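**Q** Chains as they are written, first to last, in this note's numbering: chain A, 38 to 486; chain F, 74 to 364. Beta carbons are placed, not taken as given, at the ideal position from N, Cα and C, and that holds for glycine. If you're wondering where the values come from, they're calculated on a predicted model, not measured in any experiment. Below is one structure. I have some questions about it.
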């Protein structure tokens, strides 16, 4: 009986291995290079003869994003009646985890928004296809350079720049006025971080009341886990082009000598002091602290103003530019539409991405939302961005905005460095934390060499 | 040799039994056995989740695991969590079972409430209670003159804080089994021992504990397996920090699979963890039977 069971076990195991081997052969996806040979968008069949096509479009939820895309899709479908676009809106928090699983499945959404810092990573892994041929050089020249850099891998663009986001400091006008502190009104006059700490500490102190403490500074989440918010503080302590400023080797495979330079270590100390020494920012999240008057300032992204106006209509707020240590730097990034390598309708999907990235596509979206465009021409034309407070964001984008460090290992980099900044803000031993993160990152990024 | 053919009635009986259990068997095969076999197979592959490409790499993932310092660290963290959570939880559960055995029914219900509460909800609420600046626990500590504690933001306090949360969550479940075990002990054993002059400590030491051995072994095995699989509170509250202080094995498996895009390596670690837990379980059962 035992020997029979043993034979049965061996048979099942052998069968499983054989089956898996078959799957390997069958499921190997077409490499990115092959996908590149797909018929150019221009050669697609004329609209009147075209077969009906249904595209699935997946994106993370965000303020006004659903109605905005509904509007853009309606405009596109009017011009292309044979195309039906189904929206799949995913909760923001779940999106990062869901996306790779989607791409791993057999039927991912044809078009999906991918965070700009992860586009090269997905391109490297063959999950999305290059969009060669759908953008004119004039388009590329009009897109913000930081987004083009984040969308380009091995000479091809894999995502269409659509909208852009950067950060600013939202401040409570009444608290600043009561403390007699005058904040900077232009990017050129931006405070350095020490100036910010000194002035905002005064404001927070003056705003203390019997109802409770007032924090000097909060981020959208506290302490921020995303490098979009925290890493510019570290990078800003280096000169442009220096290792500290780059924060990652040019080939994207090494952080030793970049994240642990003396300037970076000094900046980590400053970052920790914001939370521990100065107690300017809370070490745990305080939801809606700025809106509720529990914080004098809040570093958030450019579209946050409309959220504040909707949820806290009585709050008197304004915006000042992001502070810096030595070099003024802010991160500019956003989600960008991409086409899945496993899409059965790549031509139609590329055409839709082309439309979204066009001026017409963005304007159809912009009519319903207040996101900032990824095109310099629109940034300079749209009235809203020529006057304060939103002109601060435009000026930052055109003068001091850079892409976050990325490359094929961008998602891993963002994850580990984000955790490092979180640990430091919460009072971790800086040298030990940096050493652990650099060691792990160097080991992880080596696979992309 | 006397070979008896089963009767038509017996055949019908077995056929009915098979038919009735078929849905459950199919469910197990699809959602349990097949994924398990797939995980074992993946452990021998370099599987790129995003592109779907698979390549056989033999024992490479297991060789990597043998020399991976982070895996060693996460395993050590898991053992530390197990040592903090399981013994204290079981001791507390037994004490509560003894306490509520003759107490009012509502008291049992109160102790059981955390067990039936969603792990996600519990994690979020305890995360807020542990808030270093404005959490409930620091407010209470402040009331008795204890300075604010960092809890989840301290490398030293994060893991004990998670263990405390899980003890609160799981103690009701263990208490329920201890209660069942206590009820099943015949009362005449206690009466006979009391007649012989045994005091309450001796009754507990020589009657209650030995007769609860089966319950203790069962709970030890299930709680050990549960402890080594801890994930949700850590994923939701600390994400493994600060400086890897709460980075446990299952979180590391998740990171490798879905963040570092190393599905094959993640599968190999899963297999190693499953084997480890199997060995622990078998050893516990054998040790219990040997006694």
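With DSSP run on the structure shown, which of helix, strand or coil describes residue 468(A)?
**A** helix
**Q** Within 9 Å of any Cβ in chain A, is that where the Cβ of residue 116(F) sits?
**A** no
**Q** Find the residues of chain A that neighbour residue 316(F), judging by a C-beta separation of less than 7 Å, and give them in chain order.
**A** Residues of chain A passing the Cβ test: 460, 465, 469, 470 and 473.
**Q** What are the start and end residues of the beta strand (DSSP E) that includes residue 412(A)?
**A** Looking at the DSSP string, residue 412(A) is not in any beta strand (DSSP E), and its letter there is neither H nor E.
**Q** Between residue 188(A) and chain F, is there a C-beta pair that is closer than 9 Å?
**A** no
**Q** Short check: CB of residue 160(A) to CB of residue 193(A), under 9 Å?
**A** A contact, by the Cβ cut-off of 9 Å.
**Q** Taking Cβ-Cβ distances shorter than 7 Å, what residues in chain A pair up with residue 312(F)?
**A** 456
**Q** Taking residue 451(A) as the reference, give the member of 118(A), 389(A) and 133(A) with the closest Cα.
**A** Ranking 118(A), 389(A) and 133(A) by Cα distance to residue 451(A) puts 133(A) first.
**Q** Can you grab the Cα-Cα spacing for the pair residue 458(A) / residue 377(A), in whole Å?
**A** Whole-angstrom Cα-Cα distance: 32 Å.
**Q** Grouping DSSP H, G and I as helix and E and B as strand, with all else coil, what is residue 61(A)?
**A** Here the model assigns residue 61(A) a pLDDT of 36, short of 50, so the residue's position is not dependable, and the following value carries that caveat. Of the three classes helix, strand and coil, the one that applies to residue 61(A) here is helix, per DSSP.
**Q** Tell me which residues of the region 148-172 of chain A have at least one Cβ-Cβ distance to chain F shorter than 7 Å, keeping chain order.
**A** 159, 162, 163 and 164
**Q** Closest by CA to residue 347(F), which one among 128(F), 148(F), 231(F) and 210(F)?
**A** 148(F)
**Q** With 8 Å as the C-beta to C-beta threshold (strictly closer), list the residues of the region 430-455 of chain A near chain F in chain order.
**A** 448, 449 and 452
**Q** Roughly how many angstroms separate the alpha carbons of residue 313(F) and residue 267(F), rounded to a whole number?
**A** 52 Å
**Q** Looking at C-alpha atoms only, which residue of 310(F), 234(F), 309(F) and 289(F) is the closest neighbour of residue 354(F)?
**A** Cα-wise, what sits closest to residue 354(F) is 289(F).
**Q** Any Cβ of chain F within less than 9 Å of the Cβ of residue 253(A)?
**A** Closer than 9 Å: no.
**Q** Just reading off the alpha helix (DSSP H) that residue 447(A) is part of, what are its end residues?
**A** Boundaries of the alpha helix (DSSP H) harbouring residue 447(A): 447-462, taken from the DSSP string.
**Q** Tell me the DSSP bridge mates of residue 205(A)?
**A** For residue 205(A), which the question treats as bridged, DSSP gives the partners 337(A).
**Q** Residues of the region 331-362 of chain F in Cβ contact with chain A at a cutoff of 9 Å, in chain order, please.
**A** 331, 332, 333, 334, 335 and 336
**Q** Would the beta-carbon of residue 371(A) fall within 9 Å of that of residue 200(A)?
**A** yes
**Q** Look at residue 425(A) and residue 356(A) and say whether their C-beta atoms are less than 9 Å apart.
**A** Yes. Within cutoff.
**Q** From the DSSP output, in three-state form, read off residue 368(A) for me.
**A** strand
**Q** Which residue marks the beginning of the alpha helix (DSSP H) containing residue 137(A), and which one marks its end?
**A** Under the DSSP assignment, residue 137(A) falls in the alpha helix (DSSP H) whose first and last residues are 129-141.
**Q** Work out the CA separation of residue 127(F) and residue 45(A) for me, nearest whole Å.
**A** At residue 45(A) the pLDDT is 44, less than 50, meaning the model places this residue with poor confidence; the figure from the coordinates comes in the next sentence. Straight-line Cα distance between these residues: approximately 27 Å.
**Q** How do the region 330-341 of chain A and the region 203-211 of chain A stand: do at least 3 beta-carbon pairs fall below 8 Å, yes or no?
**A** yes
**Q** My guess is that residue 221(A) and residue 358(A) are in contact by the Cβ rule of under 8 Å, so how many angstroms apart are they, rounded?
**A** 6 Å
**Q** Take residue 469(A) and list the residues in its own chain whose beta-carbon comes closer than 6 Å to its own, dropping the five residues that flank it on each side.
**A** none
**Q** Out of 460(A), 388(A), 476(A) and 439(A), point me to the one whose CA is closest to residue 116(A)'s CA.
**A** 388(A)
**Q** DSSP on residue 311(F), reduced to helix/strand/coil?
**A** Three-state result, residue 311(F): helix.
**Q** Beta carbon of residue 296(F), beta carbon of residue 163(F): below 9 Å?
**A** yes
**Q** Which residues bound the alpha helix (DSSP H) around residue 114(F)?
**A** It spans 107-115 - the alpha helix (DSSP H) in which residue 114(F) sits, taken as one unbroken run.
**Q** Using a beta-carbon distance cut-off of less than 8 Å, what residues from the region 126-147 of chain A approach chain F?
**A** So the close ones are 134, 137, 138, 140 and 141.
**Q** Between the region 97-104 of chain A and the region 406-415 of chain A, do three or more beta carbon pairs fall short of 8 Å?
**A** Yes, the region 97-104 of chain A touches the region 406-415 of chain A.
**Q** For residue 155(A), does the count of other Cβ atoms within 10 angstroms reach 16, so buried, or fall short, so exposed?
**A** buried
**Q** Does the Cβ-Cβ distance between residue 306(A) and residue 463(A) come in under 9 Å?
**A** no
**Q** Since residue 339(A) and residue 202(A) should fall inside the 8 Å C-beta cutoff, what is the C-beta to C-beta distance between them, to a whole number of angstroms?
**A** Their Cβ separation, rounded to whole angstroms, is 5 Å, which keeps residue 339(A) and residue 202(A) in contact under 8 Å.
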